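K.L.:
This structure is in structure tokens; I'll ask about it shortly.
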Amino acid sequence: MHTYFNCGKAKERVMLRVRELDKEMSGEDRFHLENISFHLPKGYICGLVGENGAGKTTLLRCLMGLYRSTGDIVIDGHNLNSDEAAAREVIAVVGDEGFFDENINLEKLGKYYGQMYVRFDMEKYLGYLERFNLDRKQKYKKLSKGMKIKAQLAFALSYGAKLFLFDEPTAGLDKHFREDFLRLCTELVSDGEKSIIISSHITEDLDRIADYIAYMQAGRLLFFKPKDAACEHFRIVTGPVYKCKLIPREAVVYMEEGTYSSTAMVIRDKCILVDRELQEHTPDIRELIHYLVKGGKENAENIVEKYFG
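Okay, here's the thing in structure tokens:
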């Protein structure tokens, strides 16, 4: 099984290059990330998707340097294995759980943790706190989840981070904060010097801001492609049950049958529809993942092997 990736123009500057990453977890958490390769250009956002247990968090922890792995992880020109200190200077981790002491206020947080980064700028940090409407004297543990994410962002932006890794950053948060967060993400990459990887189950957020989609399945990166290109391979078809059953079997990724109507995801190049009773549209990320998962592991691998090469 090959891993397919397509990152656009060859001349684009690369923020993250992963080559033949392999990580085997033993014990109760036995798991295997196998032969993962891709590269993410500067100035782009990647949505990391897949069902629970696919390997998304394990991959992120490898990129953070929390798990040692074989293969190469190069971040803004710094190899995480051979030049870890320099690589860590450009990584920012923003997720559900913070890495800060809960009992100190935000100003002291900057003074204490800022010592760990060569380029940390305290004035810049305090400026970001003000921009995000955060009280520098407020203790970290008193912040809401959304405010903690903003505090983590303020800190990361103050030491010149280039690659931002978000693990379920908006889970459980209200729509207002999610809108604010999506706006922050697009602002972050707008200078063309930063990139973001977001692991999220809220796929409508990724539909709005992701440039690339990385789809994990059972420890493998099944594909890494520009979002629109990945979705354009397929169509969602809805219509009467008997009409949908006439769709060529080799074109169907998966079909859900109701009492009177059915809905299927089909391979676009294998299914040309001429029946007016059948409606079709290009899948969004949620639909793409749903039907690939429903169609089964082996079927998804075969589809990627054939059509994503």
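If you use my numbering, the sequence shown corresponds to residues 163 to 471, in order. Here a beta-carbon is modelled for each residue, glycine too, at the ideal position from N, C-alpha and C. Predicted model only: the values in this text are computed from it and were never measured.
Report the three-state DSSP secondary structure of PHE470 (helix, strand or coil).
P.N.:
Note: PHE470 maps to coil in three-state DSSP.
K.L.:
In or out: GLY189 buried (at least 16 other Cβ within 10 Å) or exposed?
P.N.:
That one is exposed.
K.L.:
Please report the distance separating the alpha-carbon of LEU242 from that of ARG397.
P.N.:
Cα to Cα, the separation comes out at about 40 Å.
K.L.:
What are the boundary residues of the alpha helix (DSSP H) that includes MET284?
P.N.:
Where MET284 is concerned, the enclosing alpha helix (DSSP H) stretches over 284-293.
K.L.:
MET427 to TYR404, Cα distance in whole Å?
P.N.:
Approximately 16 Å between the Cα atoms of the pair.
K.L.:
Identify the continuous alpha helix (DSSP H) that holds VAL351 and give its terminal residues.
P.N.:
Segment 337-351, the alpha helix (DSSP H) holding VAL351.
K.L.:
Roughly how far, in whole angstroms, is the beta-carbon of ILE358 from the beta-carbon of CYS347, given that I think they are within contact range, below 8 Å?
P.N.:
At roughly 6 Å, the Cβ-Cβ gap stays under 8 Å, so ILE358 and CYS347 are in contact.
K.L.:
Can you tell me whether DSSP reads PHE262 as helix, strand or coil?
P.N.:
Looking at PHE262 - three-state DSSP - the assignment turns out to be coil, as it is neither helix nor strand.
K.L.:
Over what stretch of residues does the beta strand (DSSP E) that includes LYS387 continue unbroken?
P.N.:
Looking at the DSSP string, the run of the beta strand (DSSP E) that includes LYS387 is 382-388.
K.L.:
Within 10 Å of its beta-carbon, does THR332 have 16 or more other beta-carbons around it, so buried, or fewer, so exposed?
P.N.:
Result: buried.
K.L.:
I believe ALA462 touches LEU384 by the beta-carbon criterion, under 8 Å. Please report the beta-carbon distance rounded to the nearest angstrom.
P.N.:
Right, their Cβ atoms sit about 6 Å apart.
K.L.:
Using the Cα positions of VAL180 and ALA248, report the straight-line distance between them to the nearest angstrom.
P.N.:
Answer to the nearest angstrom: the Cα atoms are 17 Å apart.
K.L.:
So the candidates are ILE253, LYS407, ARG298, LEU288; which of them puts its Cα closest to the Cα of ILE266?
P.N.:
Of the candidates ILE253, LYS407, ARG298, LEU288, the one whose C-alpha sits nearest the C-alpha of ILE266 is ARG298.
K.L.:
I need the DSSP call for ARG298, collapsed to helix, strand or coil.
P.N.:
Coil.
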